[in-house]
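Asker: Handing you this structure, nothing more for now.
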Amino acid sequence: MQTIPLGVSSLTSSRLAYGCWRVAGTWEPAEVTAASRAAGRQAIIAAYEAGYTLFDNADIYCRGEAERILGQVLKEVGGMRERVLVVTKGGIRPGGDPQPESPGRYDFSAAYLIDACEQSLRRLGIETIDLYLLHRPDYLADPQEVARAFAQLKAAGKVRFFGVSNFRPSLLTALQAACPMPLMAHQVEISLAKLDAFTDGTLDQCLIERITPMAWSPLAAGLIGGGADHLLPSQKSYRTELFLPALDALAGERGVSRTVVALAWLLKHPARIQPIIGTIKPERIREAAEAADVDLTREEWYRLLVAARGEPVP
Ligand SMILES: NC(=O)c1ccc[n+]([C@@H]2O[C@H](COP(=O)([O-])OP(=O)(O)OC[C@H]3O[C@@H](n4cnc5c(N)ncnc54)[C@H](OP(=O)(O)O)[C@@H]3O)[C@@H](O)[C@H]2O)c1
18 MQTIPLGVSS LTSSRLAYGC WRVAGTWEPA EVTAASRAAG RQAIIAAYEA GYTLFDNADI
78 YCRGEAERIL GQVLKEVGGM RERVLVVTKG GIRPGGDPQP ESPGRYDFSA AYLIDACEQS
138 LRRLGIETID LYLLHRPDYL ADPQEVARAF AQLKAAGKVR FFGVSNFRPS LLTALQAACP
198 MPLMAHQVEI SLAKLDAFTD GTLDQCLIER ITPMAWSPLA AGLIGGGADH LLPSQKSYRT
258 ELFLPALDAL AGERGVSRTV VALAWLLKHP ARIQPIIGTI KPERIREAAE AADVDLTREE
318 WYRLLVAARG EPVP
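For the record, in the sequence shown the residue sitting at position 238 is 255 according to the working numbering, with numbers rising by one throughout.
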């Protein structure tokens, strides 16, 4: 697969990334079975064999089970750890932690971030996380305190590079101003069903700062594809009927699948959006990789944008 640099770092990644959100087969640790774990392992191996070299994860994915499954594969597959980038996220505290009545919340305190990162390292069974992301903006985020935590994690060799996810551009600017190191990635939801990043300043900022935009739910969590097993509440109102006919028409002209065109549409943006592929089906993981070889024309790109907007550009 083609590669891209990750932000201004020395790291190089496959053009598309593989996401481990769904690899445990369930959101509930108590529901994980030997079979669901094996399917997740198979998905990660299929992605590695198809040329994906960046694996995205988070401490809250099935409460750490997704990190454990990736860690198991990294241990089993000889040479894999040296060839791939491990990305994980922290900063979200589920309800019930530490007291039963504690609310679900965000926590960017230095003590919490450092501890969360160390726990991720243990579950992943590795010495160093290549890229550590703040998962969702903490309402009480103090850029100076986060910068201290980042500097400490980096000095201890626990994290190589840092980034954010789901931030407003202004909060990213505030954090960057406090951090001694450049932030490398901003992970946000981008797809034909979720266009905000194109107009809310997120992608502009990525272009200015040379930050890699990583697109989560690039297929709208499955709505652009064979169907969606699990949607986030915000994804339930997506109007895919607006653009699926245009997508299918273009896929027919190009002789590729609808999902390949939807991913190629993201790849066209000059900020070098990196879609994070979330299917656990090996054949779909391989098919998504075909998008790296499809270069849409500007006219084709706008045909899909106009359909997704539901109205012509002004
Ligand atoms: N930073 C954040 O806040 C955040 C939030 C959400 C996700 N993420 C990251 O983004 C990654 C991708 O998110 P996502 O899983 O929602 O991505 P996605 O690729 O938009 O959706 C994947 C889902 O679509 C289904 N699907 C149906 N037809 C498909 C087809 N033809 N090809 C591919 N998939 C098809 C898959 O089911 P099957 O498995 O049955 O194929 C799977 O359930 C996650 O793994 C995670 O790493 C980050």
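Quick reminder that beta carbons are idealized off the backbone N, C-alpha and C, glycines included.
1. Leaving out the 5 sequence neighbours to the left and right, which residues in its chain are closer than 8 angstroms to residue 327 when beta-carbon positions are compared?
2. Could you tell me which residues DSSP puts in a beta bridge with residue 35?
3. Quick check on residue 180: does DSSP put it in helix, strand or coil?
4. Report the three-state DSSP secondary structure of residue 81 (helix, strand or coil).
5. List in chain order: all unbroken beta strand (DSSP E) runs of 3+ residues lying wholly within the segment 246–328.
6. Are the CB atoms of residue 168 and residue 125 nearer to each other than 8 angstroms?
7. What residues in its chain sit with their C-beta under 7 angstroms from that of residue 109, if we drop five residues either side in the sequence?
8. Might you give, ordered along the chain, the residues of its own chain that have their beta carbon closer than 8 angstroms to the beta carbon of residue 302, omitting 5 neighbours on each side?
9. Between 127, 163 and 176, which has its C-alpha nearest residue 144's C-alpha?
10. Let's see if you can read the secondary structure: which residues bound the beta strand (DSSP E) around residue 25?
11. Per DSSP, residue 122 is paired with what?
12. Is any heavy atom of ligand 2 found at a distance shorter than 7 angstroms from the C-beta of residue 77?
13. Cα separation between residue 317 and residue 90?
14. From the DSSP output, read off the bridge partner residues of residue 203.
15. Please classify residue 249: is it buried, with 16 or more other beta-carbons within 10 angstroms of its beta-carbon, or exposed?
16. Quick check: the segment 175–193 against the segment 208–224, are at least 3 beta-carbon pairs closer than 8 angstroms?
17. Kindly indicate which three-state DSSP category residue 49 falls into: helix, strand or coil?
18. For residue 178, which option in 140, 203, 312 and 92 has the closest C-alpha, if you only look at C-alpha atoms?
19. Go ahead and label residue 139 buried or exposed: buried means 16 or more other beta carbons lie within 10 angstroms of its beta carbon, across all protein chains shown.
20. Tell me, please, whether the segment 191–201 touches the segment 230–239 by the rule of three or more beta-carbon pairs shorter than 8 angstroms.
21. Out of curiosity, what's the CA-to-CA distance linking residue 325 and residue 44?
22. Taking only the alpha-carbon atoms, compute the straight-line gap between residue 310 and residue 267 and give it to the nearest angstrom.
Answerer: In brief:
1. 256 and 259
2. 72 and 294
3. strand
4. helix
5. 291–294
6. no
7. 77, 123, 152 and 153
8. 35, 60, 63, 64, 67, 69, 294 and 296
9. 176
10. First-last for residue 25: undefined, no H or E at that position.
11. 110
12. This structure lacks ligand 2; its bound ligands are ligand 1.
13. 39 angstroms
14. 181 and 230
15. exposed
16. yes
17. coil
18. 203
19. exposed
20. no
21. 30 angstroms
22. 15 angstroms
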